[in-house]
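*Asks:* Sharing a structure below in structure tokens format, with a few things to ask.
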Amino acid sequence: MTHSINLALQGGGAHGAFTSGVLDRLLEVDNLEIAAISGTSAGALNGAALKAGPITGGRGAARKRLDRL
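So in our numbering, spot 36 of the sequence shown is number 36, and the numbers just go up one at a time.
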């Protein structure tokens, strides 16, 4: 069974770094679908990296983009 979630990602430097780690962990969950993402500041950057990764190369690419960010 696939679980679908929506994400609201907050801004702020330290919050963005923490959120990046949480998103990395979420990408490890196979039966999780991220249906919608919204964010401000660092959260918007994390959200863009999270969404662009699967488009260009799957979950692994998303994890690499988050790590580079």
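From the three backbone atoms N, C-alpha and C, an ideal C-beta is built for every residue, glycine too.
Looking at the secondary structure, which residues open and close the alpha helix (DSSP H) in which G60 lies?
*Replies:* Counting along the chain, the alpha helix (DSSP H) containing G60 begins and ends at A42 to R68.
*Asks:* Quick one: Cα of G43 to Cα of D30, how far?
*Replies:* Straight-line Cα distance between these residues: approximately 23 Å.
*Asks:* Our contact map puts L69 next to L45 with C-beta atoms below 8 Å; I'd like the distance itself, whole angstroms only.
*Replies:* L69 to L45, Cβ: 6 Å. Contact.
*Asks:* Spatial neighbours of A8 within its chain, please: CB distance less than 6 Å, with the 5 preceding and 5 following residues excluded, ordered by chain position.
*Replies:* S38.
*Asks:* Looking only at its chain, what residues have a beta carbon closer than 6 Å to the beta carbon of A62, apart from the 5 residues adjacent to it on each side?
*Replies:* Counting only Cβ-Cβ distances below 6 Å, and skipping sequence neighbours, we find L27, L50, G53 and P54.
*Asks:* Applying the 10 Å Cβ sphere with the 16-neighbour rule, what's the burial state of L32?
*Replies:* By the neighbour-count rule (16 or more Cβ atoms within 10 Å), L32 is not buried but exposed.
*Asks:* Count the other C-beta atoms from every protein chain shown that fall within 10 angstroms of the C-beta of G13, then say buried if there are 16 or more, exposed otherwise.
*Replies:* Burial call: exposed.
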